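In the working numbering, the protein residues as written are 1 to 234.
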């Protein structure tokens, strides 16, 4: 598990603009507590917490398998909320940072919900060298707009799926409608915009759904993702 460097530059990019903030070690004592590994009793405690967190988050989304995350705890949410990635954060939220996979996850253990997921890209540090000394999580832009089609004759299925998705993800804007065809056996997820591939994968995993193109004859909604709920959701 890597340590957060003395100076970490986080570039938080969202629709309509980009925000920046510096994560300095001394200030972090007041704003974010970093879980570190060291050759002491604290190492075991830190590793156990990381293990617990990755197990919980891994139940909600697919996590990188070839690295352990750097984990931080938010202890002053108000000072971070100006940044889009932390707009919905609360004290005691956890940030899991995967530098190899270039992914950051904001997670709330108290409700076992993922608050936001953002990609990470390397940026140059003050010496002009890119790498582990600087990283920039860029959050998923705004909400992901999802349309739910009921692909069966069973009423209420889209409401059930909406409840499931909203219980795990807070950045979904969900709309409901009916499909043209009503004989779908399996739930199908269609990535319409191609802008939120990580979230599409998460939805597929959460619903144990299949992925594929828009079925012939179905109306294409003007949203990012389409979920056609099948009989397997009954």
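Cβ coordinates follow ideal geometry from the N, Cα and C atoms, glycine included. Small disclaimer: the values here were computed from a predicted structure and weren't measured.
{"Asked": "Do residue 275 and residue 53 have their C-beta atoms closer together than 8 Å?", "Found": "The structure shown does not extend to residue 275, since the chain spans only 1 to 234, so no value can be given for it."}
{"Asked": "Output the boundary residues of the alpha helix (DSSP H) element that contains residue 198.", "Found": "197 to 207"}
{"Asked": "Considering just the uninterrupted stretch of the alpha helix (DSSP H) at residue 147, what are its terminal residues?", "Found": "Note, residue 147: premise wrong, no alpha helix (DSSP H); beta strand (DSSP E) at 144 to 150."}
{"Asked": "Using three-state DSSP, classify residue 63 as helix, strand or coil.", "Found": "coil"}
{"Asked": "Please name the residue in 76, 60, 228, 85 whose C-alpha comes closest to that of residue 160.", "Found": "228"}
{"Asked": "Using DSSP with H/G/I as helix, E/B as strand and the rest coil, what is residue 118?", "Found": "strand"}
{"Asked": "When you compare only the Cα positions, how much space is there between residue 224 and residue 44?", "Found": "42 Å"}
{"Asked": "Determine, using beta-carbon pairs with one atom in the stretch 179 to 197 and one in the stretch 206 to 226, whether at least three such pairs fall under 8 Å.", "Found": "yes"}
{"Asked": "List the whole-angstrom C-beta distance separating residue 95 from residue 74, where the pair is believed to meet the contact cut-off of C-beta under 8 Å.", "Found": "7 Å"}
{"Asked": "Determine, using beta carbons only, whether residue 188 and residue 212 come nearer to each other than 8 Å.", "Found": "yes"}
{"Asked": "State the DSSP-derived secondary structure class of residue 113, mapped to helix, strand or coil.", "Found": "strand"}
{"Asked": "Report the rounded CA-to-CA distance for residue 144 versus residue 51, giving the unit in angstroms.", "Found": "29 Å"}
{"Asked": "Grab the span of the alpha helix (DSSP H) containing residue 168 for me, first residue to last.", "Found": "157 to 168"}
{"Asked": "Within 10 Å of its beta-carbon, does residue 100 have 16 or more other beta-carbons around it, so buried, or fewer, so exposed?", "Found": "exposed"}
{"Asked": "Do you know how far the Cα of residue 220 is from the Cα of residue 71?", "Found": "40 Å"}
{"Asked": "Between residue 85 and residue 116, how many whole angstroms is the CB-CB distance? I'm expecting something under 8 Å.", "Found": "6 Å"}
{"Asked": "Could you tell me which residues DSSP puts in a beta bridge with residue 53?", "Found": "Residue 53 is not bridged to any residue."}
{"Asked": "Are the Cβ atoms of residue 88 and residue 170 separated by less than 8 Å?", "Found": "yes"}
{"Asked": "Inspect the beta-carbon positions of residue 186 and residue 232 and report whether they are closer than 8 Å.", "Found": "yes"}
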